[in-house]
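Colleague:
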Amino acid sequence: MSELLTGLTGHVLQSPGFLWLWLLIPIAAWWRLRRSRPSLLFGSGRFLASDSPSGRQPRSLRQRLLVLPTLLRAAGLFFGLLALARPVSLVREPDTAEGIEIVLCLDVSSSMTATDLDGRRSRLALAKAAAISFVRGREHDRIGLVTFARFPDLRSPLTRDREALIELLADVNTVEADGPEDATGIGTAVTRAAQLLGR
-15 MSELLTGLTG HVLQSPGFLW LWLLIPIAAW WRLRRSRPSL LFGSGRFLAS DSPSGRQPRS
45 LRQRLLVLPT LLRAAGLFFG LLALARPVSL VREPDTAEGI EIVLCLDVSS SMTATDLDGR
105 RSRLALAKAA AISFVRGREH DRIGLVTFAR FPDLRSPLTR DREALIELLA DVNTVEADGP
165 EDATGIGTAV TRAAQLLGR
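According to the working numbering, the sequence shown holds residues -15 to 183 in order.
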């Protein structure tokens, strides 16, 4: 019921359980009408003369308005229960948060294949998992990625496309062990990151 109201009006109910009490409204109306029935029974009006084409006695305005108090009470109960359900409107506000620029530097030398940290996963696997978790939490920031062994490699410029950056992180691998690039040139990587931030 709460989801239906949200779809129709764009409001959310903080206490939707009160709406179940709406089921009492027709019961209360029936009880009220039953209680207000006259105890004296009158003869059928079909034996009385009538100018109406249908043969029925015309009802006065007062007779027509007799049901109005019951309708007003039902409406009051309806809106009273709706108020108890505490509807609140959903308003979308523009995102005005400003982020910062970050460059991740990730070592991909062969030393990152060691499993000395938790005994199961390599240093690189742990570093990638931490980097992915970090990227997921930086909604407003522009993040770049530099991998490095002997030389730095710009893998991603500054971007807010977190999913694309996460895909790049997932594809990062170490360089060939004892190959020409297998070293840890962290200084050149930091320099490359600083150049990227200084643009």
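Beta carbons are placed, not taken as given, at the ideal position from N, Cα and C, and that holds for glycine.
Please specify which runs of the alpha helix (DSSP H), each continuous and at least 4 residues long, are wholly inside the region 56 to 131, giving them in chain order.
Modeller: Listed in chain order, they are 107 to 120.
Colleague: With respect to the beta strand (DSSP E) encompassing Thr172, which residues constitute its N-terminal and C-terminal limits?
Modeller: Locating residue 172 in the sequence shown gives position 188, where the first residue counts as 1. Segment Ile170 to Leu181 is the alpha helix (DSSP H) holding Thr172; no beta strand (DSSP E) there.
Colleague: Can you give the beta carbon distance from Glu165 to Phe135, rounded, assuming they're within the 8 Å contact cut?
Modeller: Walking along the sequence shown from the start, residue 165 turns up at place 181. Walking along the sequence shown from the start, residue 135 turns up at place 151. Yes, they are in contact, since the Cβ atoms of Glu165 and Phe135 sit about 6 Å apart, within 8 Å.
Colleague: If you compare alpha carbons, which of Ala115, Leu61, Ala109 and Val(-4) is closest to Thr158?
Modeller: The residue given as residue 158 occupies position 174 in the sequence shown. If we check each option's Cα against that of Thr158, Ala109 comes out closest.
Colleague: Using the Cβ count rule (16 or more neighbours within 10 Å means buried), how would you classify Arg183?
Modeller: As a working note, residue 183 is residue 199 in the sequence shown. Per the 10 Å Cβ criterion, exposed.
Colleague: Find out if the Cβ-Cβ distance for the pair Ala115, Arg107 is shorter than 7 Å.
Modeller: In the sequence shown, counting from the first residue as 1, residue 115 sits at position 131. In the sequence shown, counting from the first residue as 1, residue 107 sits at position 123. Not in contact: Ala115 and Arg107 (Cβ atoms no closer than 7 Å).
Colleague: Could you pull out every residue in the same chain whose Cβ sits closer than 7 Å to the Cβ of Leu101, ignoring the five residues on either side in sequence?
Modeller: Position 117 of the sequence shown, counted from the start, is the residue given in the question as residue 101. These residues qualify, in order along the chain: Arg107 and Leu110.
Colleague: Kindly list the residues whose CB is nearer than 7 Å to the CB of Ser140, restricted to its own chain and excluding five residues on each side of it in sequence; keep chain order.
Modeller: The sequence position of residue 140 within the sequence shown is 156, counting from 1. Excluding residues within five positions, the ones whose Cβ falls inside 7 Å are Gly128, Leu129, Leu149 and Leu152.
Colleague: Classify Arg48 as helix, strand or coil using the three-state DSSP reduction.
Modeller: Residue mapping note: residue 48 aligns to position 64 of the sequence shown, counting from 1. In the structure shown, Arg48 sits in a helix (DSSP, three-state: H, G or I).
Colleague: So, at 8 Å on beta carbons, what are the nonlocal neighbours of Glu82 in its own chain, with the 5 sequence-adjacent residues on each side left out?
Modeller: Along the sequence shown, read from residue 1 onward, the residue named residue 82 stands at position 98. These residues qualify, in order along the chain: His124.
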